[in-house]
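Shown next, in structure tokens, is the structure this report addresses.
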Amino acid sequence: RVIGPFILVRAEQETMTGSTRTVRNDDRAYMPSALDLDHATTHTMKSRGIYNVPVFRATLNTSASFPAIEFDDSSRRIENVSLVLGITDGRGITRYSIQWNGVELKDFYSSQTFLGNTLQVDLTEDMLQDTSEVDIQLDFRGSRGFAVVPVGDVSNITMRSDWPHPKFRGTLPDVSSEITGKGFEQTWRVEKLARGFNSDTSVQELAERLGRGFVYDQYARQTKWSNSGLELGYDVLNLNTDYRDIRRAITYGIFFVVLTLVSVLCLELVSRVKFHIVQYGVVGIGLVLFFLTLLALTEHIGFFAGYVLAAFILTAMNTMYVWFITRTTNITATVGLFLVILYSALYFILQLDNYALLAGTVLLLILLGGLMFATKNLQRLEQVS
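Heads up: the sequence shown runs through residues 40 to 424, numbered per our numbering.
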């Protein structure tokens, strides 16, 4: 999460009450009048054991304009002036550059402020007497997502990525949004009124506005950061995972198990070959073990290879079992063909995202229609017998 940039002025305010002299901290934050932020990421998959995690490399280009700041209060003693960029986790930063009116600033340091971890550079009071332009470039790496807080009086924020499954953060409406199979691009424009705090504000008020449950210690000058409803960004959703596909396969599994057993029952009624109830149970156990076999194989050889191998093993075992029970080629071939069609259709459904439920429902209706057709003459056959 990135917050800023803004100018932080640490000062002490002196007041006299009779003969009593009181000194208190009067730290204030000055927001930019305009903030333009452009964020771009490219994602890759990183393997850790049996898990695949999406990670990204990002570039952040930020331009901010600050109006002149005047320090004309004689009762206020300035201790330090600095440009602050809040970064909640700076471990992924690989390169950074900050320019003030076209001149690159060199003396960076990391500090703990009321926003947590920050990147800061000290300024002089003379540098703030005129309108100033700040350009910041950051290259960093991350994994779970990215967010910014629009601190400018007018903030224009653009985020683009090659990741096709973002989950956007924040409650502020976007200006434009485009999500395709090749990535997304999201743009926000946030005005001063929507930001919710003044351009010149105390750090205590800023902390209370940016976070929820903030307790700012004005003497220690620090606090803990929590999630803010003002932030804008996205989380990386990894929808196409092997475990998600297995979970979806199990969702349809009960229907396929029931349909397979009903199909075997229909074959029994049509062919007059009798199956024992225990044999039905053995066939059902074989169908259920397909999903456990799929999970075990997927963790080591991937979902596609694991699915093909698990389907082959269970189809072969169930088909051979039916052969030893019936000793009938037609029934054995029918059961084997039915299982091949069943597992092929299930794999096709798992590859769909938006139409998976529709395709699964259509398939179940087709199978039900086939069962109706196969059993339409059962009563007639019983009468003939």
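Heads up, the beta-carbon is just placed ideally off N, CA and C, and yes, glycines get one too.
Quick one: residues in its chain with C-beta nearer than 8 Å to the C-beta of residue i, no 5 flanking neighbours on either side, listed in chain order?
{"i": "L163", "result": "One detail in the question is off: residue 163 reads as Thr in this sequence, not Leu. For T163, where only same-chain residues beyond five positions count, the Cβ hits under 8 Å are V120."}
{"i": "G325", "result": "L353, M356, N357 and Y360"}
{"i": "A50", "result": "N64, D65, D66, R67, R115, R116, I117 and E118"}
{"i": "G220", "result": "P203"}
{"i": "S241", "result": "D65, D66, R67 and A68"}
{"i": "I289", "result": "F330"}
According to DSSP, which residues form a beta bridge with residue i?
{"i": "H339", "result": "Looking at the DSSP assignment, H339 forms no beta bridge with any residue, so it has no partner."}
{"i": "Y148", "result": "Q159"}
{"i": "I46", "result": "Y69 and L122"}
{"i": "I388", "result": "Bridge partners of I388: none, in fact."}
{"i": "F204", "result": "Here residue 204 is His; the residue named in the question, Phe, does not match the sequence. Partner(s): none; H204 has no beta bridge."}
{"i": "I285", "result": "BP columns for I285 are empty, so no partner."}
{"i": "I117", "result": "A50"}
{"i": "N64", "result": "E51"}
{"i": "Q29", "result": "Outside the shown range of the chain (40 to 424) lies residue 29, about which nothing can therefore be said."}
{"i": "L317", "result": "This sequence places Val at residue 317; Leu is not what is there. In DSSP, V317 forms no bridge with anything."}
{"i": "Q225", "result": "M198 and S216"}
{"i": "V94", "result": "T83"}
{"i": "Y273", "result": "F185 and F207"}
{"i": "D128", "result": "Beta-bridge pairing links D128 to no other residue."}
Could you work out which residue in the options is closest to residue i when comparing CA atoms only?
{"i": "T101", "options": "L124, F342, N91 and Q168", "result": "L124"}
{"i": "G272", "options": "V296, V347, L326 and S216", "result": "S216"}
{"i": "I108", "options": "K313, M166 and V242", "result": "M166"}
{"i": "T400", "options": "G235, A384, F236 and V173", "result": "A384"}
{"i": "A233", "options": "T210, H339 and V142", "result": "T210"}
{"i": "V187", "options": "G292, Q243, D239 and L74", "result": "L74"}
{"i": "F343", "options": "V303, L389 and L381", "result": "L389"}
{"i": "T373", "options": "E307, N237 and N140", "result": "E307"}
{"i": "G341", "options": "S310, S86 and V321", "result": "S86"}
{"i": "S310", "options": "N140, Y282, K206 and T365", "result": "T365"}
{"i": "C305", "options": "V41, L276, D284 and F377", "result": "F377"}
{"i": "F412", "options": "P44, S302, K206 and L177", "result": "S302"}
{"i": "A103", "options": "R40, L249 and D77", "result": "D77"}
{"i": "F314", "options": "T367, H339 and G222", "result": "T367"}
{"i": "T127", "options": "G408, Y291, F179 and W227", "result": "F179"}
{"i": "K206", "options": "G222, R183 and L276", "result": "L276"}
{"i": "D30", "options": "I316, Y346, S150 and L245", "result": "No answer is possible for residue 30: the residues shown for the chain start at 40 and end at 424."}
{"i": "G131", "options": "E172, V41 and N195", "result": "V41"}
{"i": "V379", "options": "I316, F329, G43 and V173", "result": "F329"}
{"i": "Q176", "options": "R283, P44 and W227", "result": "P44"}
Sorted by chain position, which residues of the same chain lie with C-beta nearer than 6 Å to residue i's C-beta, five sequence neighbours on each side aside?
{"i": "G129", "result": "N156"}
{"i": "A79", "result": "T98 and R199"}
{"i": "F95", "result": "T80, H82 and G181"}
{"i": "L47", "result": "A68, S121 and V123"}
{"i": "Y382", "result": "A350"}
{"i": "W362", "result": "T371"}
{"i": "N91", "result": "M84"}
{"i": "K415", "result": "none"}
When we look at the beta-carbon of residue i and count the other beta-carbons within 10 Å, is it buried (16 or more) or exposed?
{"i": "Y394", "result": "exposed"}
{"i": "D192", "result": "buried"}
{"i": "L406", "result": "buried"}
{"i": "N369", "result": "exposed"}
{"i": "V214", "result": "exposed"}
{"i": "L269", "result": "buried"}
{"i": "F295", "result": "buried"}
{"i": "F387", "result": "exposed"}
{"i": "A259", "result": "With a pLDDT of 47 at A259, under the threshold of 50, the predicted position of this residue should be treated as unreliable, though the coordinate-derived value follows. Flag for A259 reads exposed."}
{"i": "D256", "result": "Annotation note: pLDDT 47 at D256 (below 50); position unreliable, coordinate value reported separately. By the neighbour-count rule (16 or more Cβ atoms within 10 Å), D256 is not buried but exposed."}
{"i": "T371", "result": "buried"}
{"i": "R286", "result": "exposed"}
{"i": "I117", "result": "exposed"}
{"i": "M70", "result": "buried"}
{"i": "P189", "result": "buried"}
{"i": "D201", "result": "exposed"}
{"i": "P212", "result": "exposed"}
{"i": "T262", "result": "Annotation note: pLDDT 46 at T262 (below 50); position unreliable, coordinate value reported separately. Per the 10 Å Cβ criterion, buried."}
{"i": "Q225", "result": "buried"}
{"i": "T299", "result": "buried"}
{"i": "Q168", "result": "exposed"}
{"i": "V229", "result": "buried"}
{"i": "V142", "result": "exposed"}
{"i": "G24", "result": "Outside the shown range of the chain, which is 40 to 424, sits residue 24, and nothing can be said about it."}
{"i": "L331", "result": "exposed"}
{"i": "R208", "result": "buried"}
{"i": "S194", "result": "buried"}
So, for residue i: in the same chain, excluding its five sequence neighbours on each side, which residues have a beta-carbon less than 7 Å away from its beta-carbon?
{"i": "V160", "result": "S121, L122, I137, L144, D146 and F147"}
{"i": "L348", "result": "L336"}
{"i": "D239", "result": "R67 and Y69"}
{"i": "L410", "result": "V301, S302 and C305"}
Any beta-carbon of chain D closer than 8 Å to the one on residue i?
{"i": "C305", "result": "The chain inventory of the structure shown lacks chain D, comprising one protein chain alone."}
Say yes only if the C-beta of residue i is nearer than 7 Å to one or more non-hydrogen atoms of the ligand FAD, and no if none qualify.
{"i": "L378", "result": "With respect to the ligand FAD, the structure shown offers nothing to examine, as it has no ligands at all."}
Whole beta strand (DSSP E) elements within the region 159-194, 3-residue minimum: 171-181 and 184-188
Complete runs of the alpha helix (DSSP H) confined to the region 360-404 [at least 4 residues]: 368-389
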